[in-house]
Amino acid sequence: MPKPAESITHRIVHEIEQRVPKDVPVFGVLTDKTQLHTNGTPPNVSQIEHALREDTTKIAQQIRLKDKKIKKILVTSVHANEGKSTLCTALSLAFAKQGQRVLLIDGDVRKPELQLFFDIPNTEGFVDVIMYNADPKTVVQKTPIDKIFLIPAGANCIHPPSLFRRSNAGRVLKTLESRANMIIFDMCASENFAEDILKLIDNVDLVLCVYNPNVTSLKEFSQLVKTYTQIDKPIMIGVIANGVNEDMLENTSITSFTRFIHLDDLKKTPFTGRASSPSWRFPHIPAALIFTLLTLFFLIAVGSWFRQPLIQFVAHQYTNWTQPSTEAPAVTPPPPPRVEPAETEPPETPESISSEPETASDATIMEFPAVESPFVSTHPYSVHTESFQQRELALNYVKQLRQNGYEAFFIPAKVSDTIWYRVVVSGFPTEDSAKVVAEQLKRQTPDNYASYVRLPYALWLGGFTSKADAERFRQSIPENYAPYVLKTQPKQGTATYGVFVGAFEDTLDCAALSQRLTREGITNTIVER
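In structure tokens form, the structure reads like this:
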């Protein structure tokens, strides 16, 4: 009779093998002792080595036995917090013990942790190499452990998909091949980046998918594995289960283990496949639940017993209430009339504006006549660069473009009942000038789908003779509106710097935003910019 830990290990392996393709090996199962984070603090290397030495040594041996040519390993999972970074560190220790020179790369740019395990600074790293063309060899850091080196995540990345889409991401791995015998790539969770991770798979030998049954359902995990196995590349896909504990076997009717129990398990054991007569035991029911059920049963019984007397009592009281009283009621004078205050619309705050942006289809639109531009020359063309579903990401990208010298802003737009924030660069008088900037952005970011569009109308908030005054005024407008500055030449007066909000195809599209600005007390005019 196997021990409980062995039983749950066999059960997990059996269930995974039933769901994933047959040629996908399960390299090992790590029990819940791998959950080493305490109070949100990652463990140090010595804690990881002490807890996982035996398990990860076996896994490392299994990987080497499967194919001795495996050199570049990419580790991913469905969701965050499944133990990827801890596993990467433990595997690096195991391979180093075998005499391998190991290079760790922290590609989990949203939540980098590898540098915390080794207590080294997160200076230049993977993001700097990909985004800013830093030399890969200069960002490699030596760790306190012999034969283990690390490339940390590096600079903040506001849009991870654009990072992984870059063609030089794969070239970096090839460049670093000569630096180590084994490269372990700690990748972001695949829940939002599966397609982008596929672009890196061409340059690795093994994709390790980490499965933690406390975080991810087996259905989600099997879909991820099938996604990677369906690509037409000679790359091995492997599985490691993490966070397994004995409670999953103690009570299969309550724990998270229920999500991958099948009816076939009632007819055969998962270990031998032979038919067996199931030995059932009554599942443990908490005492509090038993007490609650008994109390409820008692109340129902008492209510049924006294139902008829209670109905008679209520009927008697109702008869007394409906009988006319012989006493003259005390008359009190009516209160003096009171004028109710007029109902006013509560003012919106910038936070409420950003939570549900209003589009032309959402508001009660008043008709706007065609407008004549107050400027001698217009700038009707813009360049649409990216689109985001989160306003914060769009705003961060706008700030990044402005730091690079582009006058950028975003426009909320509803597409199939979903709000998208389109980031655009504006201020081009001709189609050719906009096309030049679009091509320039594409060269800087190869996967950028920058394209020029004609958006002649905008909301003009005011003009200033100096750019500094215009910038100060722009900063006084809530950043939720993403105001921007364009140099203009009015038909009357001197050259000014105009502050604008939005860019639209026609005046009707401007209406909702114009009304919202007006309600906020921000004077605006629809103009042909």
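Numbering (the numbering used here) for the sequence shown: 20 to 548. No residue lacks a Cβ here, since even glycine has one placed at the ideal position from N, Cα and C.
Asked: Given a cut-off of 7 Å on the beta-carbon distance, is the pair F492 and V518 in contact?; Found: yes
Asked: Given a cut-off of 7 Å, decide if A115 and T75 are closer than it, judged by their beta-carbon atoms.; Found: no
Asked: Could you spell out where the beta strand (DSSP E) holding G47 opens and where it closes?; Found: 45-50
Asked: Alpha carbon to alpha carbon, how far is A531 from L414?; Found: 21 Å
Asked: At what residues does the alpha helix (DSSP H) containing A109 begin and finish?; Found: 103-116
Asked: Can you tell me whether Q494 is buried or exposed? The criterion is at least 16 other CB atoms within 10 Å of its CB, across all chains shown.; Found: exposed
Asked: With A522 as the anchor, note down where its beta strand (DSSP E) starts and where it stops.; Found: 515-523
Asked: In whole angstroms, what separates the C-alpha of T368 from that of V146?; Found: Since pLDDT at T368 reaches only 39, below the 50 mark, its modelled position is unreliable, and no value is offered.
Asked: Mapping the DSSP letters down to three states, classify N187 as helix, strand or coil.; Found: helix
Asked: Please go through the segment 419-499 and give each complete beta strand (DSSP E) segment of 3 or more residues, from N-terminal end onward.; Found: 427-434, 437-447, 470-473, 476-483
Asked: With a CB to CB cut of under 6 Å and the five nearest residues on each side skipped, what residues in its chain are close to D224?; Found: I89, K90, K91
Asked: Is K506 buried or exposed, if buried means 16 or more other CB atoms sit within 10 Å of its CB?; Found: exposed
Asked: My assumption, with CB atoms under 8 Å, is that I202 sits in contact with I124. Please give the rounded CB distance.; Found: 7 Å
Asked: Kindly identify the DSSP beta-bridge partner or partners of V504.; Found: V518
Asked: Give me the Cα-Cα distance between I565 and T105, rounded to the nearest whole angstrom.; Found: Lying before the first or after the last residue shown, residue 565 is absent from the chain, which here runs from 20 to 548.
Asked: By DSSP, does D528 sit in helix, in strand, or in coil?; Found: helix
Asked: Assuming the contact rule is C-beta atoms closer than 8 Å, F137 and L169 should be a hit. Round their C-beta distance to whole Å, please.; Found: 6 Å
Asked: Measuring alpha carbon to alpha carbon, tell me which residue in Q463, V442, Q422, R184 is nearest Y471.; Found: V442
Asked: Could you say which of T194, Q463, S209 lies nearest to D127 if we only look at CA atoms?; Found: S209
Asked: At the level of alpha carbons, what is the spacing between P155 and T142?; Found: 13 Å
Asked: Under the three-state reduction of DSSP, which class applies to I78: helix, strand or coil?; Found: helix
Asked: Only counting the same chain, and skipping five residues up and downstream in sequence, which positions put a Cβ closer than 6 Å to that of S401?; Found: V443, S445, V472, L474, A522
Asked: Could you confirm whether any beta carbon from chain D is found closer than 7 Å to the beta carbon of I89?; Found: Here chain D cannot be found, since the structure has a single protein chain.
Asked: Could you check how far apart the C-beta atoms of V97 and T235 are, in whole angstroms? I think they sit under 8 Å.; Found: 5 Å
Asked: Identify, in the order they occur along the chain, each residue of the same chain with its Cβ nearer than 6 Å to the Cβ of V191, setting aside the five sequence neighbours on each side.; Found: V148, P155
Asked: For the putative contact between G257 and L227, defined by C-beta atoms under 8 Å, what is the C-beta separation to the nearest angstrom?; Found: 5 Å
Asked: Below 8 Å on the Cβ atoms is my guess for K166 versus V121; work out the distance and round it to an integer in Å.; Found: 6 Å
Asked: Taking S406 as the reference, give the member of K461, K418, A469 with the closest Cα.; Found: A469
Asked: Since V244 and T28 should fall inside the 8 Å C-beta cutoff, what is the C-beta to C-beta distance between them, to a whole number of angstroms?; Found: At roughly 19 Å, the Cβ-Cβ gap does not stay under 8 Å, so V244 and T28 are not in contact.
Asked: Would you mind sorting Y425 into buried or exposed? The rule is 16 or more other CB atoms within 10 Å of its CB.; Found: buried
Asked: Where does A413 sit, in a helix, a strand or coil, going by DSSP?; Found: helix
Asked: Residues bridged to C228 by DSSP?; Found: T95, V258
Asked: Under a three-way DSSP split, which group does K161 fall into?; Found: strand
Asked: Please name the residue or residues paired with E547 in a DSSP beta bridge.; Found: Y476
Asked: Would you identify the three-state DSSP class for E34, choosing helix, strand or coil?; Found: helix
Asked: Give me the Cβ distance between P180 and P131, rounded to the nearest whole Å; I'm assuming they're in contact under 8 Å.; Found: The pair is not a contact, with the Cβ atoms about 17 Å apart (cut-off 8 Å).
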